[in-house]
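Here is the structure we will look at, set down as structure tokens.
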Amino acid sequence: MKRDVFLASLLFGILMFASFIVVYQYVLGTSFKESVYLSLPVALLSSITWGVIVYYLKKRQMKN
0 MKRDVFLASL LFGILMFASF IVVYQYVLGT SFKESVYLSL PVALLSSITW GVIVYYLKKR
60 QMKN
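Just so we're aligned: 25 in numbering that gives the first Met the number 0 is position 26 of the sequence shown, and the numbers increase by one with no gaps anywhere.
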């Protein structure tokens, strides 16, 4: 179960990182370096949050 949660949060974080780079670079017009610096903390925090949510949802599902 922990491996599934880790893979889900890792994939979510990578996708969030890539999507925020695209948004910052092409929509807001920032440079690549700025977009990486801005999107990295957001992607890390969202990945951790998603991992906690998935962990507790799977834990709750296993009880039922």
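Ideal Cβ positions, reconstructed from N, Cα and C, are used throughout, including at glycine.
- Closest in alpha carbon position to L14, among L43, K58 and V51, is L43.
- Less than 8 Å divides the Cβ of Y23 from the Cβ of S38.
- Distance from the CA of V4 to the CA of V35, rounded to the nearest whole angstrom, comes to 25 Å.
- Each residue's CA atom was taken as its position, placing R59 and K32 some 41 Å apart.
- Here S46 is buried. Its C-beta has 16 or more other C-beta atoms within 10 Å.
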